[in-house]
Each structure stands twice: as structure tokens, then as C-alpha cells.
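This report refers to the structure that appears directly beneath it.
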């Protein structure tokens, strides 16, 4: 009953098997491996973007900050939700990689609204040398609160960005979970909706540690390569990144894995709802924020269930509500979910 | 006949098997996995350093630059050989991670001499605010030219560093190859010889992509953790780094793998010597720099042998000497070596 | 009728005369001039801090960001008011000088409250490697809105900072204006109230361009010298900075100049109040934010009055209120103020 | 008898008088002062460059590093002489302002030769992601050793740079001294010889503290403004920089001042030569490196002469030669020079 994070489960066989298969013979290092050629072609196909520049790195933070750095001058500010991963969970890596640029936070506990984004950009004073200059907008999909922007919502945000000349980055650490939730194409959720560069996550969705950065404008390719190397993120035995991503994309495994994870979360959410739990955010993908009585939480904890308590201490009145974050990956079984629910 | 680099061969079974085994059940992310506990204990044992702080990253450049950054203020300069990897092959990553510090190059085509290091440090003017202040000394072992510092040589260099108050970093991308060449202990080659922090390489010696950074002074631990995270080098599914390193250290596999690689290189070197090749540097470990006639080089190339031509173009008089860099990893077979030599 | 800023008037004779006097004979460069000895002694006397480390730079931004950088690690965040100069008017210089650290903004349109500061620091998670670590707190005195923290208010803020182990910086671009407003000593407003380092402004209060950075803990001295040099802020002909500051401090000229500026502003504020103007912030020093009818504003503008319109466009209904920022320096005459007021 | 540096003497009356005159009435801050309009027009005239972008800063290091940063990506290296001010005397400011770029040193104790520059650039591997990429070339004129590149020498260096696509920066801390030494125009020594941006020094040649950065390609203008502000080098009371530069340029005062300084140095050099002193470098402008017996040095020192001992300790055999650096500014009198020489 491990619901703490989707970064704690095993890699999916479709991924692992390609890694094992890659461990034969010699391959050129530093991204010149033949598997990477397959990956590039496949990502261009998946994204319907024949000119896209495609690169692999091993961590989600690396994907985000390298992508953003290619669109951010040191005297600019990047716009993001106040709860964005790049703000809360990357220990100043965005500022480091962008040579000391700033983040401007859009006040929200989940999605940015277009109005709030507009207000944040509008308070900037481009051309005034005293203030930070407007830089890129970063949107997270699935959000840090488990919700998914509809294509309409995405486009409303990117329209605001574009109106101010701001490029758009999509933090897609849970890209596939969002895509299957929306039932749209990868292109729909990116360049067809105004996204310039995407962090296309693999790690949380069944890989060992790989993320693709996809630039729809290949003009950024060389700068990205230099930034990746300078950031110490260019793998010599790159084949093992390529192999993960190749297995992940093969036969749309990434969508199947995400579908399983989302279905797990929906089964859990349905059970929680039936048991009277309240949701802090309506779950759209594989992540649930729910309130239930402390007494239930203690029973779950004693039974070995693992998840983050979002709000409220372990000790206190038994009938008081606490809040929990529950994340499902593909490897959670329905049995585990049902056992979990049986404690309510 | 792939002699281009030791980063192009497959991972060793002792490493790969642990990665496969790690792909079961759930593990806490971000270095809190139980396999990392094993790794830390084992590295402390290997280095006879019960208090050492031990961390894993995925690339050799990350290990070097994060280790050095912990010992370098932005207004300092790091001392290294003019041919050091940190100077020639890391695209300004050391300067990036050290917030704009400088490298001072010791003129040499291979090892630094203590006199040359002394001269370089002595030209600095600590306490003079106009110049860069002296920072750490970085020594590469095995060197970029395939030679190995004796313990006496190492200690002569660290003595110079210590006399000036400069901490010492060892770039051990090929640490195990050097250790078996010297027949010494890991402790001998590090803290017993005046080394403060070591990049203990795994990738080039049979891993997929993992390096340990070992601080003999644990006071640097927390700073390293913050720098690693801020550099986007903290893996969420850290278990896959831990598993590689665990397999690498188990039963001293790292030494066995290096012994095989070095033996391969010695077989090749002996054959080359017998065939009349000249050596640019006397090979000590698993890397050879040799001169032989262009005609031989062309035959080898046509036969599918792969290695870097170090000096001299492909075309030219048949009897003119060209220089080649030949690197052996554990996976090169004696058959391949003998076939290679048969073209002389 | 120039009320646009206190950086637009001439230097005060007490300052200018020392600059002219300094232009004789030779002086050692880079802060080794004899006038600097006088300045250091005098600042220690003024601040009742015999061990203070004292340095001069030429701009307020340089003073702020060099002082803050000495207390900020790259993975930390600095806390300040959302309207602080370091946030709004320094084009990412704080982030640049602190090697990519972050700013955390306390929501307010003027002073931070201790509760809001506490809330901002409390949301940080020191020891959690994913988030920025808490760094220094920067307080502005006189605030950007023309108000002055009482000593009680200052101490309540620094108490919050100290409780979390955060060092405290005071942005005193208008230090003297605040000091005369409070009628306290320089020590009262700094180290006796928990301030660790102060940007002691000269430029806005009658100098040509000089600010002192005063560290009450001299342990930061050498780091500051290196950061100043590396930031290209160490003057070769430093005597001209020293001379300004010497004249500024002589016979407490800095307090007299500020007293004049504040008195000018009070005369203006009294007149505005009598004329029915509303204040956005109650003016405490030499800066006024007032609303009055657009018709009056147009008359003033046509009469040659200069100031920033804070809110509301030039064109619109004549009786609608606009907001203006009016700043007085020592050189504004009572005649100019009275002429200005005559247009109401 | 102050020959220690040309940054230790007083400002020239032509400069000082404009500063005093500027201290009247109000002026717009941050470079919007009317005096700056005059300066821009005059510099364009002096450099015969009607489109040049012109900016003022207060220190030579600021001029150099801001100019270079506009032409340097963080993954590039800047080429300069091993004895360049940007290498030896700026405490890593070039690396700081260029976000961690590197310097590649051309081995020389004075001028770079075109061959040595070619060799240094040719060892770079543009397009190879592992190494630093070639960036700008910085040439110092007058050199740090008191010699002046002829226009032919300058053009030979810039031709090498241009052949590799490297932009060219001229560190002209002693620009006027070089210009009068060559008897050429400012345009001859800059854009007509392939220079893209120049640090046009004022401080060492009779100003209080002002340098102009002149871009012959105005496309860099806005980036420079942002970098200057972010570096904390934009003066609020900018008029005092403008006034210095205005006085410096008026009636070609800068050339007259330099002519005096150079003539002083020539008188001193002639006397030294007559007295049997040897020159380490043939003096071309206002700086002399000469060897003479330690006994003479001691007599001079006891007589109050001040200069840097370049080589050799104060104590030792009386007839042993020591080396001294002797710098003349405009304010040295012929009497002082003759008194100095009388000790030989």
C-alpha cells in the first residue's frame, strides 16, 4: 500500500526490458547511440513534429531548468504557479541554470487562471531597466495538485503569454497521465496549444530515470546541447537513457502505463468518495488529495499504508479530519487499493 | 575491435544484475532507499573511512564539479593539469558550479610535477584582493594520458597543496584502474595520501552511469546535498544508482573489472611494442597512446577497428607515423586484441 | 519644483567641498587613502560600533546586493517586502550577486508585519533539500512608501528573523531621513535593534554617489572585499568616495541634510492636507504619496512641477483623483513648496 | 615623487571643473541627464561613429567585464594575454559577469603575437560540445607592460580573431596614452582596426572615476543597459559621471592630458637610459619597467620616491639589479622627475 509517490515503484517491464537489451555490444557515447536515433524519430512522430529537437536527461528538474534556461535571460523573470515544482521543489535550480533570473509567482493553490497570469505579467515593466524583464511562462500538466488543464484552459494561458511575447514551457513530469486523462494527442497538449518546449516525463510513469526535452523550434538545439553538457547532464553511456525512452514509447507503452496509474487512482478516489472522504482538489489523473478522519489515518498507517500527510498532525482528536496526498503508479494493485479502502 | 573509449561497452553483469534485482517493490526516493545504506557502509569500508560522507551522481562531470564546488569560493582558482578533464572536456561546468571561479592550468601534457604546481600556486597572491585567491588542487588518477601517479608522486603533489592550504580533489574516473595498477588500497590512494574528496568512478569501469563522491571530512555533507539538488543531480528513483554501485562494490567487483581492463590493455601494449609501435606515454592502466604507420592504421580502420586518431590525418604517406588513443574496457576480448594486432 | 526623486538634486556643499579638497596631491588607491581611515573611524563612532567593518561603494544597489550576498548561500532565499527596492528596482542584481539565490516576497504594499514575515519564513522547510533554505531578511528604512518603522516595529521584525536564525540586513538608502524622523541614534536603528549589516545611504541625501556598508560582525570583512572587487565596485581613485562620506559625516552633516529634507516634506504634506489631499501612506520622512484631483495635477504639470504619477493617467475627468509620489531633498526651497501648494 | 600608479594623482582641472559646474539645479537620474547627451554626441564624433552606443561606468573593471559579457556566452572562453588586467587584476569579475565563462591565456609577458593567438584559438574545438566554445578576444592598449600595439599589430590580431568569428574587445584603460603615442585617430585604433567594443578609460588619465564603453554595433545597447543595471553599475546621480567625461573630451583635453603623462614618462625614461638603467620593455607611453642597482633603489626609497618593485627584494647586494615599475600621470612635475633622476 505505497501511495507516497509515483517515484517509488519499480520500472515497467516494457522499459526495463529495453535497458537489458541495450546492454550488449558497443555503442557510441554521448547521445550518438543508435537507440537515440530511434527515440528522436519516435518522439517526432508522437508529437507530430518532424522538426522537433529532442534531448534526454535523467531528472525532471534537469529537464525543466535546462528547457527554461534556453528561454530566459539572466535579467528576466519566469512566471509560474506559486505551487509549481520549479518554485517549491528544485532548490533554486531554475535560478542557477538561468544565471540568476527570477521567478514571479502567480498566487494559487493549483492552476493559474489566465486573469492571474495576465495580472502578473502586466505588473512587469518591459523596457524599464530597473525591473526584471518578462520571460517565459511555465505551466505544469498534471498540476502539483493532481488536476489537469483542459485544452481550453491551456490555450487561454498560452494566449496570455503570447500576447506579451512570453515563450511557454510545459512541465510534463506526468505528461502521459494528463494526456490519457484528456484523451487528446501529444501535439494537442503542446504545440497545437501554444507550448514552445515541453519536459516530457518518463521517470514517474514507469521509467528508471529519464525525461525528454522537446523543442518545437529546433533553433534552440545547439544551445540546449551546450547547456546540458555544462550542467553535467550529458551521459557518456547515453544508451541507457535512450533505451528507457525507446521502451517507454514503443507501442505507446507510456499511455498504457499512465492509463493503469490513472485507473488505479480513480478506483481509489471512488472508494474514498463512497467512504465519505472530501477532496481538496478534484482528482483528474493519478494523484488524490483527500480528507478523512484521523482515526482512519491511524488505522491505515498501522496497517502499513504509506503516503504524505498533507495537513494536520498525526496526533489529535480521532474524529478530526486530516488531509492526505495519495499517488498511484502503474504498479499499485487493485488488491492493495481495496485493502486500503477496507480500513474506512 | 572497439577501442574508442571505456564508455562504449556494456555494463558488467555484477552491476546489471543488481539493477535488475532493484526493480522490485517500492523504495523511498531521493537517496533514502535501503540499497544506499548498503552502499554507504561499503564505501566507508573500502576506503577505511568510517565517517566519510558518500553520495552518488550519474556522470563523472557531475561528480567532479559538485565535489570541487564544495571547496571553491567564486573568487578562487582551481589548479589542475592543462590536459585535465575539468579543463578540456566539461564545457565550463567547473566554472558554472563554482559560481564563476577560475581554473589555473599547470603546463604539462600529462602529470603535473610538484615543482610546476608549486610555481603555479606561488604566482598567486592570497590576500591581494585584485587577483583570484588560491583554491583546490585537482589531480587526475589515472591521468588523461593513461599514466598512473605513484603514491610518492601523489603525496608530493598533495604536500605542495597542503603547504599552501589548498584542499585536494582526486578525479578518479578510472580510480579502480589506478588502484589495481598500483596494487594499493583505496585509502592509500586518497586520504592517506592527502586527498580530501574523491570522484570515485563507476561508469567507465562497468557501470551504466554512476559515480560516488566521497568526502573524508563529513562537514561538507549538507552543502553537497544542496549543491547536488540545485544542480538537478538528485535522482528521484535513486535506487538505480545505488544498485549499480552496490553491485560494483560487491566482492570487490570493481577491482576485478579494472584488472581485466588493465590486462587487456597490457596485452595490447605488449603486442604493439613487439610490432615496433612507439608510445607517447608509457601505458600504466587501460589506455594507450601509440604511434604506428599510417598504412597500418588504414588497414585497421578498414577491418572495423575503432579508436581516436590522436595526431596526424587519415591521408598521407603510408609509412608516416600517426598517433592513436586505444582504450580497453573489461568487455574487450583477447580475440579482439589479437585480431587487432594481427594487422601489424 | 522638482519632486521626482531625491536623486536628482545637487550634492550638498559639505560633501562637495570635501571632494574638491581631496583633489590634491597623491593618495594610495583602492581604499588605502588616508581619508578612508577618517571615514572608518567616524562611522564606528556614529554607530557606536568600534569593531564594525566599513566599506564604501558608489550605488545603493551595490551596497544592498554585496551586503546581502555575504549572508546568502546560492540555495537560500532572502525575505523582503513585495515592494522592496531589491525586488522591484534592481533588475535581478540580488540574485546575480548571490549566485542564483531567490527572493521570497512578504505580501504588503509598505511595511512587513511580523506576522506576515513569520508566515513566510515558517512555510520554508530548512533541512528539506528540495526547497530553498531560509536566508537573510531585508528591511527597508525609510520604506519605499515613505513610512518609517518605529524601533518597536523594527525589533519585532528582527525578533522573528532571529528566532529562525536569519541574519538581518537594513536597506538604509534613506537612513538619515529615518533616523531624524525617529530621533534615535544610528546604533538604536541598527545593531541595538538586531540588524547585522546596513546599507547606509549617502547618495539620496546630498552626496554625489556613495553608500557605506557597515558590518557589525567584522568576520565578514574579507569576504566583502573580495565580493566588492569581483563585482567591479572597488574604486581605484577611492579617495573620491571617501571624501564624500567624510564630508557627509562631518559635524553630523548627514543629519542636518536629512532634517532639511524631512522638514521640506512636512511643509509640503501639511499644505496638501490643508488643501484636502488624501495620503496613500502617512508620510514619515521626505516622501509623500498623495491623491488630488486631476485638474490640480494638470495645473501643476503645466506650471513645471515634476513628480511621478503613481496611479491614474494624465487624461480623464478633471475632478477624478490621481495619485502622485512627491519626494523632497535638502535642495528644495520653501518657496518652491509654497508655489507648488499655491496651485491647489 | 609618486610613480606608483596613474590612479593616485588628482583629477585634472578640465574634468574637476565640469563636475563642480554639474552640481547645480536638478538633473534627471540614471543617465537621462542632459550632460550625457553631450557626451554621447562627442564620443560619436571623436570615434567617427555616428551610430555607436555609448555608456558610462565608474571603474575600469566594470567597463571591461560588462563589455565582454555582451559578447560572451557562459560556455565560451575569452582569449587574452596571460598578463591581461582581466586575468590578473579583476578577481574573477570577467567570469562572474559572463555567468561562468572561461579565460584562455595567450602565453606572453606583454603583447600577444598573432601566431600565439592563432594557436590558442585553433586548439579550441567549436562545435565539440565537450570543450569551451571560442568567444571574444580582448586586447589591451596600452599593454600592462607599457608598450603600445602599432596599428599593424592591432590589425594582425583582429584579423586572426575575425577569421575565427571571434569579436574583439579593446581594454583601453590607457586609451588616450596609446592614441597620442601612435598619433592616430580614435577610429583608427578601434573600428577601423577591427575592434567591436572598447573600454575607453578616463580614470587613469585625469578623471575621478569614469570609463566609457563604446559599442560600434548599437545592437548591443539594450543588453548592455540591462547588464549594467543588474551589475549595480547604473548611477542614479549619473550626471557626475557625465560631467567628468564631458570635461575629459572637451577641446580634446583627454589627448592633452595623455600627452603630458607620456612626455613625463619619456623624460624619465631618457634620464634612466642615460643613467644606465635597462628596460624590461621598451616604454611607449606613460609606464616604464626598468632595472637599476639596489643601492639606487634604496636611495630613492629613502628620498620618498614611491613605485612598485617588480622583481627582486628590497634587501640584497647593493650592486645587484632590481626591477621597478614607474608610472607617470599628468600631475607629475618635471622637477619631481629630475629630482628622482638625481639619485642615480
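Protein chains in written order, with this note's numbering: chain A, 5 to 348; chain B, 5 to 348; chain C, 5 to 348; chain D, 5 to 348. Every residue gets a Cβ at the ideal spot worked out from N, C-alpha and C, and that includes glycine. On a predicted model such as this, the values are computed, not experimentally measured, just so you know.
**OP:** Report the partner residues of residue 84(B) according to the DSSP bridge assignment.
**Re:** 109(B).
| Any C-beta of chain D under 8 Å from that of residue 292(C) | Interface annotation, residue 292(C): not in contact with chain D, CB-CB separation never under 8 Å.
_Rounding to the nearest angstrom, what Cα-Cα distance links residue 208(D) and residue 9(D) in this structure?_
Each residue's alpha carbon lies about 8 Å from the other.
Original post:
Going along chain D, which residues have a C-beta under 8 Å from residue 69(C)?
Top reply: Annotation: Cβ neighbours of residue 69(C) in chain D (cutoff 8 Å, chain order): 236.
Locate the alpha helix (DSSP H) running through residue 18(B), then write down its first and last residues. Boundaries of the alpha helix (DSSP H) around residue 18(B): 17–26.
### Task
For the alpha helix (DSSP H) containing residue 263(A), list its first residue and its last residue.
Under the DSSP assignment, residue 263(A) falls in the alpha helix (DSSP H) whose first and last residues are 257–278.
request  = Give the interface partners of residue 103(A) over in chain D, defined as CB-CB distance under 7 Å, in chain order.
outcome  = One finds 78 and 103 in chain D with Cβ atoms closer than 7 Å to the Cβ of residue 103(A), taken in chain order.
For this session: Pick out the complete beta strand (DSSP E) segments inside the region 98–145 of chain C, 3 residues or longer, and give them in chain order.
Result: Runs of the beta strand (DSSP E) spanning 3 or more residues and lying entirely within the region 98–145 of chain C occur at 106–110 and 137–144, in chain order.
Check: Taking the alpha helix (DSSP H) that residue 246(A) falls in, what are its first and last residues?
Finding: Residue 246(A) -> alpha helix (DSSP H) spans 243–253.
| Given 8 Å as the limit, is there contact between the region 66–86 of chain A and the region 231–241 of chain A, that is, 3 or more CB pairs closer than that? | Under the Cβ criterion (8 Å, minimum of three pairs), the region 66–86 of chain A counts as touching the region 231–241 of chain A.
Chain A contact residues for residue 133(C), given Cβ-Cβ distances below 7 Å
Result: 95.
Problem set entry | Contact list for the region 190–219 of chain B against chain A, Cβ threshold 7 Å | Taking 7 Å as the Cβ-Cβ cut-off against chain A, the residues of the region 190–219 of chain B that qualify are 207, 212 and 213.
To the nearest angstrom, how far is the alpha carbon of residue 315(D) from that of residue 81(C)? So the alpha carbons of these two residues sit roughly 47 Å apart.
Taking the alpha-carbon of residue 215(A) as reference, which of 138(A), 184(A), 47(A) and 273(A) has the nearest alpha-carbon? Checking every option, the nearest Cα to that of residue 215(A) belongs to 47(A).
8 Å is my cut-off, CB to CB: does residue 229(C) come that close to chain B? Yes, residue 229(C) lies at the interface with chain B (some Cβ there is under 8 Å from its Cβ).
* Using the beta-carbon of each residue, which ones in chain C are nearer than 8 Å to residue 128(B)? -> Per Cβ cutoff of 8 Å: no residues; residue 128(B) is ~13 Å from chain C at best.
- [ ] Quick one: give me the first and last residue of the beta strand (DSSP E) that residue 284(B) is part of.
- [x] For residue 284(B), the uninterrupted beta strand (DSSP E) run begins and ends at 282–285, by DSSP.
> Which class does residue 314(A) belong to by DSSP, given the choice of helix, strand or coil?
Replying inline: Residue 314(A): strand per DSSP, three-state reduction.
Residue 305(D), DSSP secondary structure in three states: DSSP places residue 305(D) within a helical segment (H, G or I) once states are collapsed to three.
Inset, instruction - May I have the straight-line CA-CA distance separating residue 181(A) from residue 263(A), to the nearest angstrom? - result: About 7 Å.
Is the beta carbon of residue 240(B) closer than 8 Å to that of residue 43(B)? For the 8 Å CB-CB criterion, residue 43(B) and residue 240(B) do not form a contact.
ask   = Shorter than 8 Å from the beta carbon of residue 233(A) to some beta carbon of chain D?
value = Closer than 8 Å to some Cβ of chain D, the Cβ of residue 233(A) qualifies, so yes.
Check your understanding: Do residue 152(A) and residue 267(A) come within 8 Å of each other at the CB atom, strictly closer than that value?
Key -> No; because the gap between Cβ atoms is not below 8 Å, this pair is not in contact.
Legend entry - Helix, strand or coil at residue 94(A) according to DSSP, with G and I counted as helix: Looking at residue 94(A) - three-state DSSP - the assignment turns out to be coil, as it is neither helix nor strand.
Is there a Cβ of chain D sitting closer than 8 Å to that of residue 224(C), yes or no? So, not an interface residue.
Establish whether the CB of residue 3(D) and some CB of chain C are separated by less than 8 Å. Shown here, chain D extends from 5 to 348; a query on residue 3(D) therefore has no answer.
(request) Evaluate the contact criterion for the region 290–298 of chain A versus the region 137–153 of chain A: three or more CB pairs, one atom per stretch, below 8 Å. (result) Output reads yes: the region 137–153 of chain A touches the region 290–298 of chain A.
*asked:* Run through chain D and tell me which residues come within less than 9 Å of residue 137(A), C-beta to C-beta.
replied: What residue 137(A) touches in chain D: 230.
Worksheet item: How about residue 30(B) and residue 12(A): do their beta carbons lie closer than 8 Å?
Response: Contact: yes.
Close-in-space but distant-in-sequence residues of the same chain around residue 271(A) (CB under 7 Å, 5 per side omitted): For residue 271(A), where only same-chain residues beyond five positions count, the Cβ hits under 7 Å are 338 and 341.
message: Please state whether the Cβ-Cβ distance between residue 39(C) and residue 250(C) is less than 8 Å.
response: Less than 8 Å separates the beta-carbon of residue 39(C) from that of residue 250(C).
* Counting Cβ pairs, one atom from each stretch, are 3 or more of them under 8 Å apart for the region 167–178 of chain C and the region 131–147 of chain A? -> With the rule of 3 Cβ pairs closer than 8 Å, the region 167–178 of chain C does not count as touching the region 131–147 of chain A.
Is the CB-CB distance between residue 235(A) and residue 235(B) below 8 Å?
Their beta carbons are under 8 Å apart, which means residue 235(A) touches residue 235(B) by this criterion.
What number of angstroms, rounded off, separates the C-alpha of residue 221(A) from the C-alpha of residue 212(D)?
-> Near 49 Å, if we compare the C-alpha coordinates of residue 212(D) and residue 221(A).
Exercise for review: Examine chain A for any beta-carbon lying closer than 8 Å to the beta-carbon of residue 148(C), and answer yes or no.
Suggested key: With 8 Å as the cut-off, residue 148(C) does not count as an interface residue toward chain A.
Check your understanding: Counting contacts by CB-CB distance shorter than 8 Å, is residue 27(A) in contact with chain B?
Key -> So yes, residue 27(A) belongs to the interface.
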